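Student:
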Amino acid sequence: MSDWISPAILNLIVGSTLETLYMVAVAALIGTLAGLPLGIFLATSGKGELFEAVAVNRVLGVVVNATRSTPFIILVVAIIPLTRLIAGTSIGTTAAIVPLALAATPFIARIVEAAIREVDQGLVEASLAMGATPLQIVRKVLIPEALPGLVLGVTLAIVSLLSNSAMVGAVGGGGLGDLGIRYGYQRFMPEVMLLVVVVLIILVQAVQSLGETLARRVNRRVRRL
Amino acid sequence: MMLHDTIAAALDAPLFPEAAAAPPPALQPGAAAAERPGTPGAPSGGGGASIVLRDVSRVFPARGGDAPVAALDSISIAIPQGEIYGVIGRSGAGKSTLIRTINGLERPTGGDVVVDGVAINRLGDAALRDQRRRIGMIFQHFNLLSSRSAFDNVALPLELAGLSRKAIGEKVLGLLDLVGLADKKDRYPIELSGGQKQRVGIARALATDPRVLLSDEATSALDPETTRSILRLLAEVNARLGVTIVLITHEMTVIKEICHRVGVIEAGRIIEEGLVCEVFAHPRTTTARAFIGSLPGREVPPALAGRLRADPAGAAQTVLRLTLTGAAAGQPLVTRLARELGIDICLLGGQIDSIGALPFALLYVGVPAGAWAGGPLRARLEAAGATTEVIGHV
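So the protein lines, in turn, are chains A and B.
Heads up: the first sequence begins at 2 in our numbering, then just goes up one per residue.
Heads up: the second sequence begins at 12 in our numbering, then just goes up one per residue.
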């Protein structure tokens, strides 16, 4: 392996992997923190629902759809002023977290919305009959009951963040994707490209199995043997 | 605000217009009534609450060209504390909407729902939540949280009420014991049978010591045997804790098995109401008759039905349906009349059962045509307390 890939290249790959992990982890965290309440609100603010606010629901829906329909690479450059405002700079790995988190938020929100809507409406009715407040219903009923779906949803979001993170090289974000483009493609080093892809595959596999294991563990709707 | 409503409601009308006009003593479920705390007239010994619905209407607004629908149409019901009151009706009759007005899940568009002196429909959100803790509810599909064990499901209403973990633990174990599931406390709903799930549902509904228990088709998803065991548990809860129970169902067996009084609902109106044994013995509406007729053993036996003729000419026997309740059902009426009047009475079918605590008999008998037309048979039967009805001739 050492005569095929130089230690320098290996170092680059390790460094880029760490950059990718850093960007994706922070963006996933922010995306979840923002997307979870947003998704819950979207799922519970329709007509006749817990936090009925039909107009707000509709406006948020449009904003979420607009963000989701903007191609990620365009989003990255379009929000450069916002990135500079938040991160202090528009270039680099930390700065890249801003567009990543911004794209992950509506994605997670929609997934959360779907998972929450899956919860049997009878449980909401039963909780109301017990005298639960809407917030108690969210905390004690909706989130725990939707948990398996929420975990799988966040897993999906992380995988999609891994793929998005390949594009932040456009603003000097670094990471595996950037390495692949610059070395593998622009410097004609197909073995680097191959390694980048292999590392990404391993990461996606790891995230996916971790997510599935976790989702299984919190799922009480299936009989345990 | 709350106090205001309470007083206003109390002043509006007498709480129990029907309790004043007591039912005939022969029809009152004797033994059961004496044991039961909070029976109308008896001093209240238990924790039940009275429920009064006064002219309650619920109109769903017109939608997409359809006319507005009145799910409830000026319903008035008075349920004394400690009673088990059953509402029977076909699907779409409004029974679900009706039971939901009692805990405010459904807001009436007219009238008042008064539970224990509090007008539920006039409460604000916070006061309503407070009242709901005093009204338990169980459901057809149990509505247990799949993410919580039996223990934690029963604990939920106590957590919502803000009790300490320790207080919750003691309370929940006692409740699981009451419903016979102490050994299943760590099981998740997926691991429980339908009957066990409903027992958890009942324990959960009783967790906050409610004075009213609402049962929304609680046995409709269960097999007959499990249904009986759940109904027995509800009757026990009613007797032991004095909880007022309002249940809705489409099954007459449920009414027969545990209810003290029954209301028949159709098209959003209570079309018939009374003590269960009364309604069974003398149903006034065709709907009530149909529900009662749906019970096993109530129909004219098929072999007999095929031979029945409406025209008495040339028939040897007149076929009667005799309904006997209470003391009348306990007498050796048929053999005595046969002996004393010197006639043969042919038993063609029927059923002997008990409704509430009362014996109840419904018999199809054939008597000689002449004995019915002219003889003293009819007068003797009626004197003994039997309801007679000629259903044909053979």
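Yeah, the Cβ is synthetic: ideal placement off N, Cα and C, and Gly gets one too.
From a predicted model like this one, the values you see are computed outputs, not experimental measurements.
Three or more C-beta pairs under 8 Å: does that hold for the stretch 378-388 of chain B against the stretch 350-363 of chain B?
Tutor: With the cut-off at 8 Å, the stretch 378-388 of chain B and the stretch 350-363 of chain B touch.
Student: Go ahead and pull the three-state DSSP assignment for Y184(A).
Tutor: Y184(A): helix per DSSP, three-state reduction.
Student: Would G62(A) and V55(A) qualify as a contact pair, given that the criterion is a beta-carbon distance under 8 Å?
Tutor: Against a cut-off of 8 Å, the Cβ pair of V55(A) and G62(A) comes out as no contact.
Student: According to a CB-to-CB cut-off of less than 9 Å, which residues of the stretch 154-167 of chain B neighbour chain C?
Tutor: Protein chains A and B are contained in the structure displayed, whereas chain C is not.
Student: Could you give the residue range of the alpha helix (DSSP H) that holds C288(B)?
Tutor: First-last of the alpha helix (DSSP H) with C288(B): V287 to A292.
Student: Decide if the stretch 134-143 of chain B is in contact with the stretch 306-314 of chain B; the criterion is three or more beta carbon pairs, one per stretch, under 8 Å apart.
Tutor: No, the stretch 134-143 of chain B does not touch the stretch 306-314 of chain B.
Student: Provide the residue(s) that pair with G361(B) in DSSP beta bridges, ordered along the chain.
Tutor: Answer is L374(B).
Student: Could you spell out the range, first to last residue, of the beta strand (DSSP E) harbouring V223(B)?
Tutor: Run containing V223(B): V223 to D227, per the beta strand (DSSP E) assignment.
Student: Comparing the C-beta of V55(A) with each C-beta of chain B, is any distance below 8 Å?
Tutor: Taking Cβ atoms only, chain B never reaches closer than 8 Å to V55(A), which makes this a no.
Student: I need the DSSP call for S107(B), collapsed to helix, strand or coil.
Tutor: DSSP places S107(B) in helix when its eight states are reduced to three.
Student: Roughly how many whole angstroms lie between the Cα atoms of F52(A) and E94(B)?
Tutor: Using only the alpha carbons, I get a separation of about 37 Å.
Student: Is there a Cβ from chain B that is less than 8 Å from the Cβ of A44(A)?
Tutor: Output row for A44(A): interface = no.
Student: In the structure shown, what three-state DSSP assignment does A82(B) receive?
Tutor: Three-state result, A82(B): strand.
Student: Can the beta-carbon of T399(B) be found closer than 8 Å to that of A292(B)?
Tutor: It is not a contact, given that the beta carbons lie outside the stated cut-off.
Student: Where are the beta strand (DSSP E) runs, 3 residues long or more, that stay fully inside the stretch 256-328 of chain B, in chain order?
Tutor: Those beta strand (DSSP E) runs which fall completely within the stretch 256-328 of chain B and span 3+ residues are 272-277 and 280-286.
Student: Output needed in chain order: residues of the stretch 368-400 of chain B with a Cβ under 8 Å from some Cβ in chain A.
Tutor: Hits within the stretch: zero.
Student: Should G123(A) and H261(B) be called a contact, given that it needs their Cβ atoms to be closer than 8 Å?
Tutor: No, these two residues do not count as a Cβ contact at 8 Å.
Student: Alpha carbon to alpha carbon, how far is G361(B) from A299(B)? Give it in angstroms, no decimals.
Tutor: Computed Cα separation, rounded: 18 Å.
Student: Smallest Cα separation from E351(B): which of G180(B), L83(B), R391(B) and P323(B)?
Tutor: Of G180(B), L83(B), R391(B) and P323(B), the residue nearest in Cα terms is R391(B).
Student: To which residues of the same chain is V120(A) closer than 8 Å at the C-beta, ignoring the five residues directly before and after it?
Tutor: Once the five neighbours on either side are set aside, the close Cβ partners of V120(A) are V142, L143, E146 and A147.
Student: In whole angstroms, what is the alpha-carbon distance linking R251(B) and T219(B)?
Tutor: Distance between the alpha carbons of R251(B) and T219(B): 16 Å.
Student: Does the Cβ of V219(A) lie closer than 7 Å to at least one heavy atom of the ligand PLP?
Tutor: In terms of ligand content, the structure shown is empty, and the ligand PLP therefore cannot be addressed.
Student: So who's on the other strand from T334(B), going by DSSP bridges?
Tutor: Beta-bridge pairing links T334(B) to L373(B) and T398(B).
Student: Classify Y23(A) as helix, strand or coil using the three-state DSSP reduction.
Tutor: The answer is helix: DSSP assigns Y23(A) an H, G or I state.
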